[in-house]
DNA sequence: CACCAGGAATGTA
DNA sequence: TACATTCATGGT
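Residue numbers (this note's numbering): 6 to 217.
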C-alpha cells in the first residue's frame with residue numbers, strides 16, 4: 006500500500022540518515038528532548054551536554070538534576086524534561102545496565118518496559134524502539150496521520166498504520182527512512198498552510214483535489 | 001505581536 | 001474514548 010509512496014518520497018529525499026546521532030544513548034536523549042520541540046533547539050542541548058562530557062545515560066545519572074535542567078534549557082519544558090530524562094536514565098541503567106543490553110530481547114518485554122516509563126508516550130516509545138534499539142516498529146506521529154489522511158483519504162489509527170507498515174516493510178531501514186521522509190515533507194509542504202501546488206507529490210494528495 | 005515545534009501527563013465527562 | 005489544559009524555550 007505504501008511502496009509507491011516510499012519510492013516517490015525516496016526519489017526526492019533519498020537517505021536521510023535518521024536518527025541523527027553519534028550513538029544509541031544520544032538517540033534516546035534526542036527522543037526525549039524533541040517532544041513538541043524543534044530539532045534545532047534540541048541540537049543546542051545535545052551540544053551542551055557533549056561539551057560537558059555527557060554522552061551516555063550513565064553520565065546523566067551521575068548529574069545533579071538541576072544541573073541537567075540547565076544544560077537542556079534550550080529545548081524547552083526543561084523542568085519536566087529534566088525530571089523525565091533523569092528518571093528514564095536511572096530506570097534503564099538500573100534494570101539493564103546499559104542501552105546495548107536492551108537490544109535483541111523479547112520485543113513485547115522491552116516495549117512494555119519503555120512505555121511504562123514516566124515521560125514516554127507512544128511516539129517516543131516507538132522512536133526509541135526503532136531508532137535506538139533497532140526493533141521492527143514504525144513511528145506514528147501527528148504529522149504522519151495528517152499526511153496519510155491527505156494522501157490516502159483514510160483516517161487511520163496509529164495501531165492500524167503500524168500493522169500495515171510493519172507488515173509491508175521488512176527492513177528496519179525502510180521504516181526509519183519512511184518516518185523521516187514523512188516528517189520532512191510535512192515540514193516542507195504540509196504545515197497549516199499546505200503548499201500542495203508546489204509539492205513534488207502534487208495531485209497525488211486528496212487534499213489538493215479538494216481545495217483547488 | 002502571535003504561533004508553533006520530530007508530546008506526554010493529568011483531569012474531566 | 002475524546003477533549004482540554006499545563007509545561008515553557010526559541011525561531012519565524
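Just so it is clear, CB atoms sit at the ideal spot from N, CA and C, and this is done for glycine as well.
Inter-residue Cα distance where the pair is residue i and residue j
i, j, result
"residue 41", "residue 86", "11 angstroms"
"residue 72", "residue 157", "47 angstroms"
"residue 46", "residue 39", "8 angstroms"
"residue 194", "residue 12", "18 angstroms"
"residue 212", "residue 171", "26 angstroms"
"residue 43", "residue 114", "31 angstroms"
"residue 7", "residue 175", "13 angstroms"
"residue 145", "residue 131", "8 angstroms"
"residue 59", "residue 215", "50 angstroms"
"residue 15", "residue 208", "18 angstroms"
"residue 184", "residue 159", "18 angstroms"
"residue 125", "residue 137", "14 angstroms"
"residue 77", "residue 52", "9 angstroms"
"residue 112", "residue 89", "23 angstroms"
"residue 133", "residue 84", "21 angstroms"
"residue 196", "residue 10", "19 angstroms"
"residue 198", "residue 110", "43 angstroms"
"residue 166", "residue 129", "16 angstroms"
Residues near residue i in its chain [Cβ-Cβ closer than 7 angstroms; skip 5 each side]
i, result
"residue 26", "32, 35"
"residue 187", "148, 149, 152"
"residue 206", "13"
"residue 275", "Absent from the structure is residue 275, since the part of the chain shown begins at 6 and ends at 217."
"residue 57", "76"
The ligand HEM heavy atom lying under 7 angstroms from the CB of residue i
i, result
"residue 107", "The model depicted lacks the ligand HEM and carries no ligand whatsoever."
Beta-carbon proximity list for residue i, same chain, < 6 angstroms, skipping 5 on both sides
i, result
"residue 217", "Confidence at residue 217 is low in this model, with a pLDDT of 45, below 50, so the placement of that residue is unreliable and no value is reported for it."
"residue 49", "79"
"residue 204", "194"
"residue 191", "148, 152"
"residue 54", "76"
Close Cβ partners of residue i (< 8 angstroms) along its chain, the five nearest in sequence each way excluded
i, result
"residue 189", "18, 21"
"residue 200", "193, 194"
"residue 105", "29"
"residue 173", "6, 7, 8"
"residue 91", "65, 66, 68, 70, 73"
Top-ranked residue by Cα proximity to residue i, from the options
i, options, result
"residue 147", "161, 138, 6, 13", "161"
"residue 168", "185, 59, 141", "141"
"residue 37", "112, 82, 64, 69", "82"
CB contact flag (residue i, residue j, <8 angstroms)
i, j, result
"residue 163", "residue 121", "no"
"residue 143", "residue 116", "no"
"residue 210", "residue 155", "yes"
"residue 139", "residue 108", "yes"
"residue 123", "residue 23", "no"
"residue 135", "residue 103", "no"
"residue 96", "residue 65", "no"
"residue 63", "residue 98", "yes"
*Could you give the uninterrupted runs of the alpha helix (DSSP H) lying entirely in the region 46-101, keeping only those of 4 residues or more?*
The region 46-101 contains these whole alpha helix (DSSP H) runs: 62-66, 70-76, 83-101.
_Ordered list of alpha helix (DSSP H) runs contained in the region 126-195, each at least 4 residues_ = DSSP runs (the alpha helix (DSSP H)) wholly in the region 126-195: 127-132, 147-157, 163-173, 177-194.
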